[in-house]
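Residue numbers (the working numbering): -14 to 262.
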DNA sequence: CGGAATGCGATG
DNA sequence: CATCGCATTCCG
């Protein structure tokens, strides 16, 4: 059984015992990809964001996509965590200094069940941001929206402030160095060995993936990272791999807007000198 | 070593 | 519920 199948199986087991009338967002499937599902670009971002949205994976018809000022997310109604969160981070954004509301909230754009703060409370697991709040200091509203549960996953506390944070620092460093970086990340749920949180059964991911795409002098480079949801320190370089390998694990078609003529070349290899790891 | 970034929880 | 401080970790 491959990883995608395992993901589907895990979600089915959980969904079948806990969900009732909740709309089925469905796990990712490579078969129902619509060619170019329209994503509404939040107006606040239109002025500063380039087209197309290179950070986005291919969108399946069954996915529940939410767009906020600073990020796009695919929400999973069975696991109560996102399938992925994607955004572009620019040099100017990294230099922001605004802060907003820091309380975790339900995403107002999502219909159906979401995680409760009580599910996480005293569980021993952090409410870990997918897009870090530090990447949204260019707008108080964008900052606050990062605290929606569409952007939150259960993370081991030491992992959150340790290994995972090094991937976030890497993103900001790339943005400063190259002017812009396209980022997508999310949870990996294989056999769900850590179980669920609280009475709403928020799925605890086994691991997390992240992928970076940059364009330097008209040439694209990409890299992927997968880290286990564990406290032990994990080295960035040792966790790095091609985007193709990440796609194998997460079942997504990443950087789908990247020109098809160069996509396979960009995603199959690692241009090591670009990443500083 | 200082500061940034993370999220928790005590306190009123 | 809002405010504040704390503990931890890592970057520069």
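The beta-carbon is built from N, C-alpha and C at its ideal position, and this holds for glycine as well. As the structure is a computational prediction, the values presented were derived from the model and not from experiment.
Item: Exposed or buried, which one is residue 146 when buried takes at least 16 other CB atoms within 10 Å?; Value: exposed
Item: Beta-carbon within less than 7 Å of residue -9's beta-carbon, same chain only, minus the 5 sequence neighbours each way: which residues are those?; Value: With a pLDDT of 38 at residue -9, under the threshold of 50, the modelled position of this residue cannot be trusted; read the value that follows with caution. Cβ within range, chain order: 175 and 176.
Item: Expressed to the nearest angstrom, what Euclidean distance is found between the alpha-carbon atoms of residue 259 and residue 162?; Value: 10 Å
Item: Should residue 35 go down as buried or exposed, given a rule of 16 or more other Cβ atoms within 10 Å for buried?; Value: Since pLDDT at residue 35 reaches only 48, below the 50 mark, its modelled position is unreliable, and the value read off the structure follows with that caveat. By the 10 Å Cβ count, residue 35 comes out exposed.
Item: Taking residue 214 as the reference, give the member of 155, 208 and 144 with the closest Cα.; Value: 144
Item: Examine the ligand MG and report whether any of its heavy atoms sits within less than 7 Å of the Cβ of residue 194.; Value: This structure lacks the ligand MG; in fact it carries no ligand of any kind.
Item: The alpha helix (DSSP H) with residue 100 in it runs from where to where?; Value: Unbroken run through residue 100: none, as it is neither H nor E.
Item: Could you tell me the alpha carbon to alpha carbon distance between residue 83 and residue 116, rounded to whole angstroms?; Value: 16 Å
Item: Ends of the alpha helix (DSSP H) at residue 274?; Value: This structure cannot speak to residue 274, because the chain is shown only from -14 to 262.
Item: Under three-state DSSP, which class holds residue 184?; Value: coil
Item: For the alpha helix (DSSP H) containing residue 144, list its first residue and its last residue.; Value: 142 to 146
Item: I need the DSSP call for residue 247, collapsed to helix, strand or coil.; Value: helix
Item: Go to residue 126, then tell me how far its alpha helix (DSSP H) extends in each direction, as first and last residue.; Value: 125 to 130
Item: In whole angstroms, give me the CA-to-CA distance for residue 189 and residue 173.; Value: 9 Å
Item: Beta carbon of residue 67, beta carbon of residue 110: below 8 Å?; Value: no
Item: Exposed or buried, what is residue 104 when buried is set at 16 or more other beta-carbons lying within 10 Å of its beta-carbon?; Value: buried
Item: Quick one: grab the DSSP three-state call for residue 179.; Value: coil
Item: How should residue 42 be labelled, buried or exposed, when 16 other C-beta atoms within 10 angstroms of its C-beta is the threshold for buried?; Value: buried
Item: Classify residue 160 as helix, strand or coil using the three-state DSSP reduction.; Value: helix
Item: How big is the Cα-Cα spacing for residue 69 and residue 223?; Value: 22 Å
Item: Roughly how far, in whole angstroms, is the beta-carbon of residue 166 from the beta-carbon of residue 239, given that I think they are within contact range, below 8 Å?; Value: Rounded, the Cβ-Cβ distance is 14 Å, inconsistent with contact.
Item: Can you have a look at residue 21 and say buried or exposed, based on whether 16 or more other CB atoms are within 10 angstroms of its CB?; Value: No answer about residue 21 holds up, because its pLDDT of 32 lies below 50 and its placement is not dependable.
Item: Per DSSP, which residues does residue 167 bridge with? Please list them.; Value: 73 and 198
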